[in-house]
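Top to bottom, those sequences are chains H and X. Here the first sequence stands for residues 1 to 113, numbered as in this note's numbering. Here the second sequence stands for residues 1 to 115, numbered as in this note's numbering. The next block holds one structure in the form of structure tokens; read it before the comments.
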Amino acid sequence: GQNIDQPTEMTATEGAIVQINCTYQTSGFNGLFWYQQHAGEAPTFLSYNVLDGLEEKGRFSSFLSRSKGYSYLLLKELQMKDSASYLCAVRDKYGGATNKLIFGTGTLLAVQP
Amino acid sequence: EAGVTQSPTHLIKTRGQQATLRCSPISGHTSVYWYQQALGLGLQFLLWYDEGEERNRGNFPPRFSGRQFPNYSSELNVNALELEDSALYLCASSPGDRATGNTIYFGEGSWLTVV
Chain H
1 GQNIDQPTEM TATEGAIVQI NCTYQTSGFN GLFWYQQHAG EAPTFLSYNV LDGLEEKGRF
61 SSFLSRSKGY SYLLLKELQM KDSASYLCAV RDKYGGATNK LIFGTGTLLA VQP
Chain X
1 EAGVTQSPTH LIKTRGQQAT LRCSPISGHT SVYWYQQALG LGLQFLLWYD EGEERNRGNF
61 PPRFSGRQFP NYSSELNVNA LELEDSALYL CASSPGDRAT GNTIYFGEGS WLTVV
């Protein structure tokens, strides 16, 4: 089956660091994405990992371990505007073609002063 | 460069009616995806079109259908609307099936309310 798990909610303090974990089980794998979604808005792309390791982009970093079916999104120097839902998505791969993105239900992050 | 555009932004329909939602992908993108996001729920995959063909379909009843036009724009049709169809419908596009590492970009979505 296909399954992506993330914590439902997290709370962190402004200026701190928070790590949002994602585990996945899919029939195929062709990349893992992280999206940020503010309430009532469309998801916006944050990061993409297809090889094991850490991808850093400013205050945001994403890590992937394909053997463990595990990824995390690391947010540093948290700001109030980082309060949003963070979506982990896996691009499944079936046969020779890439396939759809399968989304987790998202982690709602609340940043407190 | 224009992003993914969707119309209408908001749509109110009564139960049993049909709704049509439209999407224009980013220029040069040939793949279009449709997702449903009901209030408080995650994104649920609906349909994937590439090069005018339906490539994959999520676990939704047949009254959810769509198509992709030669210019790669797409429309989603929902027939016999039910109250639980009320949701944000998101369209996304990517450069295409055969290119690896393609990021998928979302439009702002169409809010469908069924009363």
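Even for Gly, the Cβ is constructed at its ideal location relative to N, Cα and C.
Based on the DSSP secondary-structure assignment, which residues constitute the bridge partners of residue i?
i: X/V78; result: X/A19 and X/F64
i: X/L46; result: Answer is none; X/L46 lacks a bridge partner.
i: X/V115; result: Bridge partners of X/V115: none, in fact.
i: H/E55; result: H/S62
i: H/F45; result: H/Y35
i: H/L87; result: H/Y35
i: X/Q36; result: X/Q44 and X/Y89
i: H/V111; result: H/A12
Run the CB neighbour count on residue i, radius 10 Å, all protein chains shown included, and call it buried at 16 or more, exposed below.
i: H/A16; result: exposed
i: H/G53; result: exposed
i: H/T8; result: exposed
i: H/G96; result: In this prediction, H/G96 scores a pLDDT of 48, lower than 50, which makes its location untrustworthy; the coordinate-derived value is nonetheless stated afterwards. It counts as exposed.
i: H/T26; result: buried
Out of the options, point me to the one whose CA is closest to residue i's CA.
i: H/L108; options: H/H38, H/L46 and H/F45; result: H/H38
i: H/L120; options: H/A84, H/S61 and H/E9; result: Residue coverage of chain H in this structure runs from 1 to 113, which leaves residue 120 of chain H outside it and unanswerable.
i: X/Y49; options: X/L41, X/A38 and X/S73; result: X/S73
i: X/V78; options: X/H29, X/L46, X/I104 and X/S27; result: X/L46
i: H/K164; options: X/Q6, X/V115, X/L81 and X/Y35; result: Outside the displayed range of chain H (1 to 113) lies residue 164 of chain H, so it cannot be described from this structure.
i: H/Y35; options: H/E55, H/S65, H/A89 and H/A110; result: H/A89
i: H/Q112; options: H/N21, H/K57, H/T13 and H/N30; result: H/T13
Where does the unbroken beta strand (DSSP E) through residue i begin, and where does it stop?
i: X/L83; result: Counting along the chain, X/L83 falls outside any beta strand (DSSP E), and DSSP gives it neither H nor E.
i: X/E54; result: E53 to R57
i: X/S27; result: That residue, X/S27, is in no beta strand (DSSP E); it is neither H nor E in DSSP.
i: X/I12; result: H10 to K13
Is residue i near the ligand GTP, in the sense that its beta carbon is under 7 angstroms from a heavy atom of that ligand?
i: X/S110; result: Although the ligand GTP was asked about, the structure shown includes no ligands whatsoever.
Practice prompt. Ignoring anything shorter than 4 residues or poking outside the stretch 3–36 of chain H, list the alpha helix (DSSP H) runs there in chain order.
Written response: Not a single unbroken stretch of the alpha helix (DSSP H) spanning 4 or more residues falls wholly within the stretch 3–36 of chain H.
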